[in-house]
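This report concerns only the one structure given below.
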Amino acid sequence: VAAPPRPRPETPIDALRSVWGYDAFRDQQAEIIDTLVRGDDAIVLMPTGGGKSLCYQVPSLVREGTGVVVSPLIALMHDQVDALLQLGVRAAYLNSTQSIDERRAVERDLLAGELDLLYLAPERLPVVGDLLDRAPIALFAIDEAHCVSQWGHDFRPDYLQLSILHERWPSIPRIALTATATVETRAEIAERLDLQGARLFVSSFDRPNIQYRIAPKQDARGQLLRIIREEHPGEAGIVYCLSRKSVEQTATWLSQNGVEALPYHAGLDAGTRARNQSRFLREEGVVMCATVAFGMGIDKPDVRFVAHLDLPKSVEGYYQETGRAGRDGEPSTAWLAYGLQDVVQQRRMIDEGDGDRQRKRAQTLHLDAMLALCETVECRRVQLLGYFGQPSERCGNCDTCLAPPETLDGTVPAQKLLSTIVRLQREHRQQYGAGHLVDILLGKDTERIRRLGHDRLSTYGIGGELSDQEWRGVVRQLLAQGLLEVQGEYGVLAITEAAGDVLGGRREVRLRREQERVRRSAKAKA
Ligand code: ADP
Ligand code: ZN
Numbered sequence: 051v052a053a054p055p056r057p058r059p060e061t062p063i064d065a066l067r068s069v070w071g072y073d074a075f076r077d078q079q080a081e082i083i084d085t086l087v088r089g090d091d092a093i094v095l096m097p098t099g100g101g102k103s104l105c106y107q108v109p110s111l112v113r114e115g116t117g118v119v120v121s122p123l124i125a126l127m128h129d130q131v132d133a134l135l136q137l138g139v140r141a142a143y144l145n146s147t148q149s150i151d152e153r154r155a156v157e158r159d160l161l162a163g164e165l166d167l168l169y170l171a172p173e174r175l176p177v178v179g180d181l182l183d184r185a186p187i188a189l190f191a192i193d194e195a196h197c198v199s200q201w202g203h204d205f206r207p208d209y210l211q212l213s214i215l216h217e218r219w220p221s222i223p224r225i226a227l228t229a230t231a232t233v234e235t236r237a238e239i240a241e242r243l244d245l246q247g248a249r250l251f252v253s254s255f256d257r258p259n260i261q262y263r264i265a266p267k268q269d270a271r272g273q274l275l276r277i278i279r280e281e282h283p284g285e286a287g288i289v290y291c292l293s294r295k296s297v298e299q300t301a302t303w304l305s306q307n308g309v310e311a312l313p314y315h316a317g318l319d320a321g322t323r324a325r326n327q328s329r330f331l332r333e334e335g336v337v338m339c340a341t342v343a344f345g346m347g348i349d350k351p352d353v354r355f356v357a358h359l360d361l362p363k364s365v366e367g368y369y370q371e372t373g374r375a376g377r378d379g380e381p382s383t384a385w386l387a388y389g390l391q392d393v394v395q396q397r398r399m400i401d402e403g404d405g406d407r408q409r410k411r412a413q414t415l416h417l418d419a420m421l422a423l424c425e426t427v428e429c430r431r432v433q434l435l436g437y438f439g440q441p442s443e444r445c446g447n448c449d450t451c452l453a454p455p456e457t458l459d460g461t462v463p464a465q466k467l468l469s470t471i472v473r474l475q476r477e478h479r480q481q482y483g484a485g486h487l488v489d490i491l492l493g494k495d496t497e498r499i500r501r502l503g504h505d506r507l508s509t510y511g512i513g514g515e516l517s518d519q520e521w522r523g524v525v526r527q528l529l530a531q532g533l534l535e536v537q538g539e540y541g542v543l544a545i546t547e548a549a550g551d552v553l554g555g556r557r558e559v560r561l562r563r564e565q566e567r568v569r570r571s572a573k574a575k576a
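Residues 51 to 576 in the UniProt record's numbering are what the sequence shown lists, from first letter to last.
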């Protein structure tokens, strides 16, 4: 399998030019690589597409021995190794999908010093310890290092044992890499991987060519189709949906409407998945409708838009997924549609999911941060980068910058809604979802309202100043501001402690006015 031996490059820049054929390192790559070549440890936080792989691949070539890369994604190992073999780099992987014979062959090459890079699934580590003792190791790279964070959105228990790398091989330099890096995750990576002494490299997380837009969900597919037709006709894109079923439906629907769209999710057989993925990569203008399972390690530079038809579970996930747009630096769109129903559904999934209280608490915080991003009246990018600990200025290339939302004093509407909830609880000992509450405020004459006697509430019909849509907007914003919360399996609304100040007239509520959001792309603007 291994390519014929090639002389070891003397310097990193030699390796970059002779093996990859690139002219120069990007941003911090050179410094990161020097750190490892010197034998020191590094923690690297770089956005998706920033060029993390070279940070460990190049020093693995320059240093004596094999670079051992721990990576959680078995499906990707194969592709990465293939790509390296194409470049003439001697690479292999060890994971549980291989036969014993295949593994033996890799082990032989490793011991003979004939591997530049070895990719390893984390669960193999305990089994291959003795093997690594006998092989010359250039460095350890821990890819997707945020998987070690129990608070993070992508925790993998196997990652916890990676602290043995330092205990067992203290003199071998290590590099931990991730694209998701809140201040807390950063600290956790350093602590759990025993990397407190490592040099920290934080690249800018900004992707200025991506235009961020978040719109209230009306008919999400129709909204998406308009964007594709008006701004991205014939261009490649990824459409993320929460469920397999909606992936299928969206792909079919787009196809019926003249868009070249394919489905991708874990429920499809391997052949179909591989075929669809390769069409997406090779053909022009294919739109991939997918669950979040799709996209890890996909390196397609000209993805012009990433759309979310459902609310992502966390800002980290959202940022990683939108980061797959515009890797070539050309103008691209990240568009998300979300509605109240998304919040209710996600809350329910957290409540019903397995995971202890601490885990659920973490998931709730992730959801809250995502909601806050959706409902902000400030620049989306400022909010997004701020979340990753990076201060920035208004960007001029997001929906709130391009069409600043009008805000209004929403104290009175908020009080009307909150007091309706309080009254129902007090007088009827009942809690309801947004739909019914809005019906009461609008004074609708429904069978349910009459049966429950809610037409006799003092807040019945006092909300005529806003439309049904606008009231739903109020509910979403009060959720995002922590004045309301969704509870229980039916997604009923309850007021929070903070809401007391609003009801008591001690706190003002600013709301964004619902409006037709911008649908202008960077391209149309130019
Ligand atoms: P990440 O792992 O951070 O998402 P990759 O390592 O996959 O990013 O790199 C993204 C793309 O950028 C790849 O196509 C890679 O070959 C390319 N790239 C990385 N560094 C350089 C460089 N110094 N010059 C040119 N292209 C680069
Ligand atoms: Zn902005």
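For each residue, glycine too, the CB sits at the ideal point set by N, CA and C. Since the structure is predicted, the reported quantities are computational estimates derived from the model, not experimental observations.
Return helix, strand or coil for residue i, following the three-state DSSP convention.
i: residue 339; result: strand
i: residue 369; result: helix
i: residue 273; result: helix
i: residue 171; result: coil
i: residue 315; result: coil
i: residue 540; result: coil
i: residue 385; result: strand
i: residue 481; result: coil
i: residue 557; result: coil
i: residue 250; result: strand
i: residue 229; result: coil
i: residue 133; result: helix
i: residue 261; result: strand
i: residue 509; result: coil
i: residue 92; result: strand
i: residue 429; result: coil
i: residue 28; result: The structure shown does not extend to residue 28, since the chain spans only 51 to 576, so no value can be given for it.
i: residue 192; result: strand
i: residue 352; result: coil
i: residue 380; result: coil
i: residue 207; result: helix
i: residue 290; result: strand
i: residue 548; result: coil
i: residue 358; result: strand
i: residue 151; result: helix
By a C-beta neighbour count over all protein chains shown, 10 Å radius and 16 as the cutoff for buried, is residue i buried or exposed?
i: residue 295; result: exposed
i: residue 323; result: buried
i: residue 301; result: buried
i: residue 283; result: exposed
i: residue 66; result: buried
i: residue 521; result: buried
i: residue 457; result: exposed
i: residue 147; result: exposed
i: residue 224; result: buried
i: residue 496; result: exposed
What's the gap between the Cα of residue i and the Cα of residue j?
i: residue 274; j: residue 449; result: 16 Å
i: residue 145; j: residue 196; result: 20 Å
i: residue 571; j: residue 328; result: In this prediction, residue 571 scores a pLDDT of 39, lower than 50, which makes its location untrustworthy; no coordinate-derived value is stated.
i: residue 237; j: residue 214; result: 18 Å
i: residue 343; j: residue 288; result: 12 Å
i: residue 469; j: residue 286; result: 48 Å
i: residue 560; j: residue 403; result: 34 Å
i: residue 398; j: residue 542; result: 11 Å
i: residue 63; j: residue 202; result: 35 Å
i: residue 142; j: residue 168; result: 5 Å
i: residue 390; j: residue 115; result: 55 Å
i: residue 337; j: residue 563; result: 33 Å
i: residue 544; j: residue 537; result: 7 Å
i: residue 280; j: residue 134; result: 39 Å
i: residue 313; j: residue 416; result: 27 Å
i: residue 573; j: residue 533; result: Legend: pLDDT at residue 573 = 39, less than 50; position of this residue unreliable, no value from coordinates given.
i: residue 217; j: residue 177; result: 16 Å
i: residue 380; j: residue 132; result: 28 Å
i: residue 57; j: residue 128; result: 25 Å
Is there a C-beta anywhere in chain C that falls below 8 Å from the one on residue i?
i: residue 218; result: Looking for chain C here will not work: only one protein chain is present.
>> Using a Cβ distance threshold of 8 Å, determine whether the segment 167-174 contacts the segment 114-125, with at least three qualifying pairs required.
In response: yes
>> Pairs of beta-carbons, one from the segment 95-107 and one from the segment 225-239, closer than 8 Å: are there three or more?
In response: yes
> So which residues touch the region around the ligand ZN, with touch meaning a C-beta under 5 Å from any heavy atom?
Replying inline: 429, 431, 445, 448, 451
> Are the segment 337-357 and the segment 373-393 in contact at 8 Å, needing three or more beta carbon pairs?
Replying inline: yes
>> Whether or not the segment 150-167 and the segment 175-186 are in contact is what I'm after, with contact meaning three or more pairs of Cβ atoms, one per stretch, closer than 8 Å; do they touch?
In response: yes
>> Check whether the segment 471-483 and the segment 498-507 touch, using three or more Cβ-Cβ pairs below 8 Å as the test.
In response: yes
> Pairing CB atoms from the segment 359-368 with CB atoms from the segment 238-256, are three or more of them under 8 Å?
Replying inline: no
> Would the segment 482-489 and the segment 517-530 be scored as touching if the rule is three or more Cβ pairs under 8 Å?
Replying inline: yes
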